[in-house]
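Asks: Take this structure, written in structure tokens, and hold onto it; I'll ask about it next.
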Amino acid sequence: MLKPEEQLRIIIKGAEHYVNEEELLMKLEKSYRQNRPLRVKLGLDPSAPDIHLGHAVVLRKIKQLQDLGHETIIVIGDFTGRIGDPTGKAKGRTALSDEQVRENAKTYCDQIFKVLDKNKTTVRFNSEWLSKLSFETVIRLAATTTVARMLERDDFQNRYKNGIPIGLHEFLYPLMQAYDSVQLQADIEMGGTDQTFNILMGRTVQKALGQEQQIAIFMPILEGIDGVEKMSKSLGNYIGVNEPAEVMFKKVMEIRDDLIIKFYELATDEHPDEIDKIRQELDGGANPRDVKYKLARIITSLYHSQEDVGMAMDYYDAAFSKKTVPDNIPTLIIDLDKDTVIDIIPQLIDMGYVKSKSEFLRLVKQGGVSINGERINEDDIKQVLYNMDVIKIGKKHFARINK
Numbered sequence: 003m004l005k006p007e008e009q010l011r012i013i014i015k016g017a018e019h020y021v022n023e024e025e026l027l028m029k030l031e032k033s034y035r036q037n038r039p040l041r042v043k044l045g046l047d048p049s050a051p052d053i054h055l056g057h058a059v060v061l062r063k064i065k066q067l068q069d070l071g072h073e074t075i076i077v078i079g080d081f082t083g084r085i086g087d088p089t090g091k092a093k094g095r096t097a098l099s100d101e102q103v104r105e106n107a108k109t110y111c112d113q114i115f116k117v118l119d120k121n122k123t124t125v126r127f128n129s130e131w132l133s134k135l136s137f138e139t140v141i142r143l144a145a146t147t148t149v150a151r152m153l154e155r156d157d158f159q160n161r162y163k164n165g166i167p168i169g170l171h172e173f174l175y176p177l178m179q180a181y182d183s184v185q186l187q188a189d190i191e192m193g194g195t196d197q198t199f200n201i202l203m204g205r206t207v208q209k210a211l212g213q214e215q216q217i218a219i220f221m222p223i224l225e226g227i228d229g230v231e232k233m234s235k236s237l238g239n240y241i242g243v244n245e246p247a248e249v250m251f252k253k254v255m256e257i258r259d260d261l262i263i264k265f266y267e268l269a270t271d272e273h274p275d276e277i278d279k280i281r282q283e284l285d286g287g288a289n290p291r292d293v294k295y296k297l298a299r300i301i302t303s304l305y306h307s308q309e310d311v312g313m314a315m316d317y318y319d320a321a322f323s324k325k326t327v328p329d330n331i332p333t334l335i336i337d338l339d340k341d342t343v344i345d346i347i348p349q350l351i352d353m354g355y356v357k358s359k360s361e362f363l364r365l366v367k368q369g370g371v372s373i374n375g376e377r378i379n380e381d382d383i384k385q386v387l388y389n390m391d392v393i394k395i396g397k398k399h400f401a402r403i404n405k
């Protein structure tokens, strides 16, 4: 186990803020002396099971804590999911059914272990303890805070000011999430900046119930490949952890140069010393493309085998450096009864090649789609495709037809 000061440096790398550094160092020193791992908690709302690199920012930090010898407890909010976490929007989130929660939780777990070490991770469902609370215990829990404190939360405050109803049950959500920390005796709770109120409530409730307070570590929002909006599947600027290696590699190469260091900090497990070297290289005039190429290799290797990473690099070099058609391009399986250009659009959307049918048609109109090297126009979208035809979409996407 590394010395506490070195652990601290790794843990706070890339964090937006944390509460607080002095307490964290004390916990690390105690852990080091007693050779006892810290308990790191992450609560997951099982309503959104598709994970991209933006979601993985917190998971990557937890993986670093695991590598330092600490243990992770993932709390699936199956009980709190029935209430619905206030979303920060104009109304509360719709509660989920038990079946939806369980299905989403399974999908989530399948994906989080692409980042976390399964052998160092315990998965718990908070219905284990929350469903057993007596009404008296709930009242005692509610007595640990005030309505005024609850209204400090931005979404509650905004809804109250605008006359938008706030259900009394919604006040219970942050209290129950806080009780998860009490039940698990969490030493550290991780989360995004959007979870600030809930995680700090965990510290409040732990203190009120005579327990040592957890350290709160908040990771920043990661922008998407457009460099403007936060990474989001709905905006089409995301890099999914389940995407093929060649797609992931290509997308990393598309990020803006001014985000290279941020991606190194938040989307990789590189040591702070290595990131400092990369920063110095960029400041010294290094070609951002070369630095980004290394970044793309590192990120892709976190989610794919070395063989797949090698093929992704060959694919990128052939398609975007040498301007030729790569050998190992994705295959589109075409139904014999549906074998025209327009029929493959849904598959292209699923692959992330285009966002919508209208975008594909716009690319066709602009001359951005070709078949076997020949550009097609609007009159060609009903053109029949043949086995082994190669379709190119935009400057960077290839696919081979298979019937």
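Under our numbering, the sequence shown is numbered contiguously, ending at residue 405.
Heads up, the beta-carbon is just placed ideally off N, CA and C, and yes, glycines get one too.
Taking the alpha carbon of T123 as the reference point, which residue from P328, D316, K43 and E105 has its own alpha carbon closest?
Replies: The shortest Cα separation from T123 among P328, D316, K43 and E105 belongs to K43.
Asks: Considering only residues of the same chain and omitting the five flanking positions on each side of V60, which have a CB-CB separation below 7 angstroms?
Replies: Setting aside the 5 residues that flank it on each side, V60 is surrounded in the same chain by L44, M192, G193, G194 and M221, each with a C-beta closer than 7 angstroms to its C-beta; the list follows chain order.
Asks: I need the boundaries of the beta strand (DSSP E) containing L334, first residue and last residue.
Replies: T333 to I335
Asks: Rounded to a whole number of angstroms, what is the C-alpha to C-alpha distance between R126 and G165?
Replies: The C-alpha of R126 lies about 37 angstroms from the C-alpha of G165.
Asks: Which first and last residues belong to the alpha helix (DSSP H) in which N106 is found?
Replies: D100 to I114
Asks: Please classify I166: does DSSP put it in a helix, a strand, or coil?
Replies: coil
Asks: Would you list the one or two residues that DSSP bridges to K394?
Replies: S372 and F400.
Asks: Give every residue of the same chain whose Cβ lies closer than 6 angstroms to the Cβ of K93, excluding the five residues on either side of it in the sequence, and list them in chain order.
Replies: With a pLDDT of only 46 at K93, under 50, the local geometry of the prediction cannot be trusted, and the value read off the model is given with reservation. When the five nearest sequence neighbours on each side are left out, no beta carbon in the same chain lies closer than 6 angstroms to the beta carbon of K93.
Asks: For L46, which of helix, strand or coil comes out of DSSP?
Replies: strand
Asks: Check the C-beta distance from T342 over to N404 and give it rounded, since I have them as a contact under 8 angstroms.
Replies: That pair is no contact at about 15 angstroms.
Asks: Using DSSP's beta-bridge definition, name the partner residues of Y181.
Replies: Beta-bridge pairing links Y181 to no other residue.
Asks: Nearest chain C C-beta to E272 closer than 7 angstroms, yes or no?
Replies: No chain C is part of this structure, which consists of one protein chain only.
Asks: Reducing DSSP to helix, strand and coil, say where T206 ends up.
Replies: helix
Asks: Suppose the cutoff is 6 angstroms on Cβ atoms and the five residues either side in sequence are ignored; what does the same chain contact list for H306 look like?
Replies: A247
Asks: So, at 8 angstroms on beta carbons, what are the nonlocal neighbours of F81 in its own chain, with the 5 sequence-adjacent residues on each side left out?
Replies: F127, N128, S129, L132, S133 and M178
Asks: Hey, would you say I241 sits closer than 7 angstroms to M250, going by beta carbons?
Replies: In contact: I241 and M250 (Cβ atoms closer than 7 angstroms).
Asks: With distances taken from CA atoms, which of G369, A144, Q213 and K209 is nearest K397?
Replies: Ranking the options by Cα distance to K397, first place goes to G369.
Asks: With a 10 Å radius around its C-beta and 16 neighbouring C-beta atoms as the bar for buried, classify S236 as buried or exposed.
Replies: exposed
Asks: Excluding the five sequence neighbours on either side, which residues of its own chain have a C-beta within less than 8 angstroms of the C-beta of G90, listed in chain order?
Replies: Interpretation of G90 is limited by its pLDDT of 47, a score under 50 that renders its predicted location unreliable; the figure taken from the coordinates is listed afterwards. Result list for G90: D156, D157 and D196, in chain order.
Asks: Just reading off the beta strand (DSSP E) that F127 is part of, what are its end residues?
Replies: T123 to F127
Asks: Check the DSSP bridge columns for Y20 and list the partner residues they point to.
Replies: I219
Asks: In the DSSP assignment, find the alpha helix (DSSP H) that holds T139 and state where it starts and stops.
Replies: F137 to A144
Asks: Just list the residues that DSSP pairs R41 with in beta bridges.
Replies: E73
Asks: Excluding sequence positions up to five away, which residues of its chain have a Cβ less than 6 angstroms from the Cβ of D119?
Replies: Once the five neighbours on either side are set aside, the close Cβ partners of D119 are Q68.
Asks: Figure out for me which residue from M203, Q208, N121 and L135 has the closest Cα to the Cα of T148.
Replies: M203
Asks: When burial is assigned at 16 or more other CB atoms within 10 Å of the CB, is A321 buried or exposed?
Replies: buried
Asks: Going by beta-carbon coordinates alone, are D468 and Q66 separated by less than 7 angstroms?
Replies: No statement about residue 468 is possible, as the shown extent of the chain runs from 3 to 405 and does not include it.
Asks: Along the chain, where does the beta strand (DSSP E) that runs through K309 open and close?
Replies: Reading off the sequence shown, one finds Glu at residue 309, where the question assumed Lys. Looking at the DSSP string, E309 is not in any beta strand (DSSP E); the run it does join, the alpha helix (DSSP H), is Q308 to Y318.
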